[in-house]
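K.L.:
Counting from 1, one number per residue, gives the positions in the sequence shown under full-length UniProt numbering.
Note that the Cβ used here is the ideal one computed from N, Cα and C, for glycine as well.
Note that this is a predicted model, so its numbers are computed, not measured.
I have a structure I would like to understand better, so I am pasting it below and will then ask my questions one at a time.
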Amino acid sequence: MSENQNLLAEQRRALIVDEVRRRGGVRVNELTRKLGVSDMTVRRDLDALARQGVLEKVHGGAVPVVEASTHEPGFEAKSGLELTAKEDIARAAAELVAPGSAIALSGGTTTYALAQHLLDVPDLTVVTNSVRVADVFHAAQRSSGQRQGAATVVLTGGVRTPSDSLVGPVADQAIASLHFDLLFLGVHGISLEAGLSTPNLAEAETNRRLVQSARRVVVVADHTKWGTVGLSSFAKLDQVDTWVTDTGLPEQARAEVSEHVRQLVVAGEPEAADRDADEAPDDDAES
Numbered sequence: 001m002s003e004n005q006n007l008l009a010e011q012r013r014a015l016i017v018d019e020v021r022r023r024g025g026v027r028v029n030e031l032t033r034k035l036g037v038s039d040m041t042v043r044r045d046l047d048a049l050a051r052q053g054v055l056e057k058v059h060g061g062a063v064p065v066v067e068a069s070t071h072e073p074g075f076e077a078k079s080g081l082e083l084t085a086k087e088d089i090a091r092a093a094a095e096l097v098a099p100g101s102a103i104a105l106s107g108g109t110t111t112y113a114l115a116q117h118l119l120d121v122p123d124l125t126v127v128t129n130s131v132r133v134a135d136v137f138h139a140a141q142r143s144s145g146q147r148q149g150a151a152t153v154v155l156t157g158g159v160r161t162p163s164d165s166l167v168g169p170v171a172d173q174a175i176a177s178l179h180f181d182l183l184f185l186g187v188h189g190i191s192l193e194a195g196l197s198t199p200n201l202a203e204a205e206t207n208r209r210l211v212q213s214a215r216r217v218v219v220v221a222d223h224t225k226w227g228t229v230g231l232s233s234f235a236k237l238d239q240v241d242t243w244v245t246d247t248g249l250p251e252q253a254r255a256e257v258s259e260h261v262r263q264l265v266v267a268g269e270p271e272a273a274d275r276d277a278d279e280a281p282d283d284d285a286e287s
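Written out as structure tokens, the structure is:
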């Protein structure tokens with residue numbers, strides 16, 4: 001199978017997951033019409049998504065997985081979801097980072113994508129409790145040598161979670177003594193009532209320490225995290241300076257979030273100023 005076909009499969013499966021979550025369930029024949037593919041292709045996609053644990057196959061279609069608030073998906077299960085959204089978010093978030101900054105990246109597949117966009121930002125100090133994020137920087141340094149301006153990476157200790165984050169008292173103590181210009185947080189869920197939440201109690205405490213040590217808190221989370229609530233909340237929406245998300249976030253949610261978060265960045269959309277310029281009347285055309 002070619003690389004283009006792989007990409008199309010990823011996009012198609014992301015659309016299937018969105019449809020299942022939005023409607024509460026779909027039938028195979030509905031998906032074949034919507035996506036313009038065969039029954040066999042849809043059934044293969046549903047099989048793959050069911051193995052990842054993101055939906056449940058039923059006779060003739062699929063329904064969302066009903067997850068307990070303590071359910072914590074592993075890194076691999078999450079890494080194949082919302083790939084385009086995560087890439088857009090990572091690219092937009094990287095623009096917030098100035099050379100020479102001290103930044104922190106929490107665990108998560110979106111912060112992992114962000115790390116790959118930060119490799120060319122010079123003289124960063126990166127503190128992370130994510131084994132995967134640290135590996136991105138270490139792999140780049142091994143392949144290119146210890147080049148001038150390469151990031152200094154500090155990996156906290158701690159107990160490893162299913163999402164390959166290091167949490168617990170060791171991580172908490174290390175983070176409490178540090179201060180970051182920017183914190184980039186991946187989250188399990190985000191909502192008006194619960195704020196930022198995770199199914200892992202120890203990770204919640206470690207994330208609280210990260211938030212306390214940051215001058216500016218940036219959440220990087222795609223639209224599917226909106227309305228999801230994990231077992232433990234670790235920050236209120238009012239503590240978030242910026243949320244970088246994707247175009248899938250509904251307009252109503254954007255309005256609600258904007259009342260609490262200082263800045264909402266929708267990756268993949270033009271800035272407000274650009275939109276205003278595009279919508280402004282052409283004076284020459286009116287004269």
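Is it the case that the Cβ atoms of Ser-247 and Val-265 are separated by a distance below 8 Å?
P.N.:
Checking the sequence shown, residue 247 turns out to be Thr, not Ser. Cβ distance not < 8 Å, so Thr-247 and Val-265 don't count as in contact.
K.L.:
On the three-state DSSP scale, how would you describe Leu-55?
P.N.:
Residue state, collapsed to three classes: strand.
K.L.:
Checking the sheet assignment: what are the DSSP bridge partners for Asp-246?
P.N.:
Asp-246 pairs with Ala-267.
K.L.:
Just how far apart, CA to CA, sit Gly-268 and Asp-88?
P.N.:
If I take the Cα positions, the gap works out to 6 Å.
K.L.:
Using the C-alpha atoms, what's the distance from Val-153 back to Leu-166?
P.N.:
Each residue's Cα considered, the two are about 15 Å apart.
K.L.:
What does the alpha-carbon distance come out to for the pair Pro-169 and Ala-202?
P.N.:
For Pro-169 and Ala-202, the distance between alpha carbons rounds to 8 Å.
K.L.:
Is it the case that the Cβ atoms of Leu-105 and Thr-125 are separated by a distance below 8 Å?
P.N.:
No, these two residues do not count as a Cβ contact at 8 Å.
K.L.:
Between the alpha carbons of Ala-174 and Gly-158, how many angstroms are there, rounded?
P.N.:
About 10 Å.
K.L.:
Taking the Cβ atom as the reference point for each residue, do Ser-101 and Tyr-112 lie within a distance shorter than 8 Å?
P.N.:
Not closer than 8 Å, so no.
K.L.:
According to DSSP, what are the bridge partners of Val-26?
P.N.:
Partner(s): Ala-62.
K.L.:
So the alpha helix (DSSP H) Ser-144 belongs to, where does it begin and stop?
P.N.:
Ser-144 -> alpha helix (DSSP H) spans 131–144.
K.L.:
For the stretch 200–215 against the stretch 131–140, are there 3 or more C-beta pairs whose distance is under 8 Å?
P.N.:
No, they do not touch.
K.L.:
So His-223 and Thr-198 are in contact, right, with Cβ under 8 Å, and what is the actual spacing, rounded?
P.N.:
The Cβ separation is near 18 Å, so there is no contact.
K.L.:
Report the residue from Ala-235, Val-187, Lys-236, Thr-32 whose alpha carbon sits nearest the alpha carbon of Gly-60.
P.N.:
Of Ala-235, Val-187, Lys-236, Thr-32, the residue nearest in Cα terms is Thr-32.
K.L.:
Please classify Ala-68 as buried or exposed, where buried requires at least 16 other C-beta atoms within 10 Å of its C-beta.
P.N.:
Confidence is the limiting factor: at Ala-68 the pLDDT is only 47, short of 50, which leaves the residue's position unreliable, though a coordinate-based value still follows. With fewer than 16 Cβ atoms within 10 Å of its Cβ, Ala-68 is classed as exposed.
K.L.:
Give me the Cα-Cα distance between Leu-55 and Gly-149, rounded to the nearest whole angstrom.
P.N.:
Roughly 44 Å separates the two Cα atoms.
K.L.:
Need the endpoints of the beta strand (DSSP E) that Ala-104 sits in, please.
P.N.:
Where Ala-104 is concerned, the enclosing beta strand (DSSP E) stretches over 102–105.
K.L.:
Taking C-beta to C-beta, are Leu-196 and Ser-163 nearer than 8 Å?
P.N.:
Cβ atoms of Leu-196 and Ser-163: not closer than 8 Å.
K.L.:
Count the other C-beta atoms from every protein chain shown that fall within 10 angstroms of the C-beta of Asp-39, then say buried if there are 16 or more, exposed otherwise.
P.N.:
By the 10 Å Cβ count, Asp-39 comes out exposed.
K.L.:
Have a look at Leu-49, Val-17, Asp-45, Val-63 and flag the residue whose alpha-carbon is nearest the alpha-carbon of Gly-25.
P.N.:
That would be Val-63, whose Cα lies nearest to the Cα of Gly-25.
K.L.:
Which one or two residues does DSSP pair with Val-167 in a beta bridge?
P.N.:
Val-159, per the DSSP bridge assignment.
K.L.:
Give the DSSP-derived three-state secondary structure of Leu-210 in the structure shown.
P.N.:
If DSSP states are grouped into helix, strand and coil, Leu-210 belongs with the helices.
K.L.:
List the whole-angstrom C-beta distance separating Leu-96 from Leu-182, where the pair is believed to meet the contact cut-off of C-beta under 8 Å.
P.N.:
Contact flag correct, Cβ pair sits at about 7 Å.
K.L.:
Kindly list the residues whose CB is nearer than 6 Å to the CB of Ser-143, restricted to its own chain and excluding five residues on each side of it in sequence; keep chain order.
P.N.:
Excluding sequence neighbours, Ser-143 sits near nothing in its chain.
K.L.:
If you drop the 5 nearest sequence neighbours on each side, which residues of the same chain put their C-beta closer than 8 Å to that of Arg-27?
P.N.:
Cβ neighbours of Arg-27 beyond the five flanking positions: Gly-60, Gly-61.
K.L.:
Tell me whether Val-229 sits in a helix, a strand or coil according to DSSP, three-state version.
P.N.:
Here Val-229 sits in coil by DSSP.
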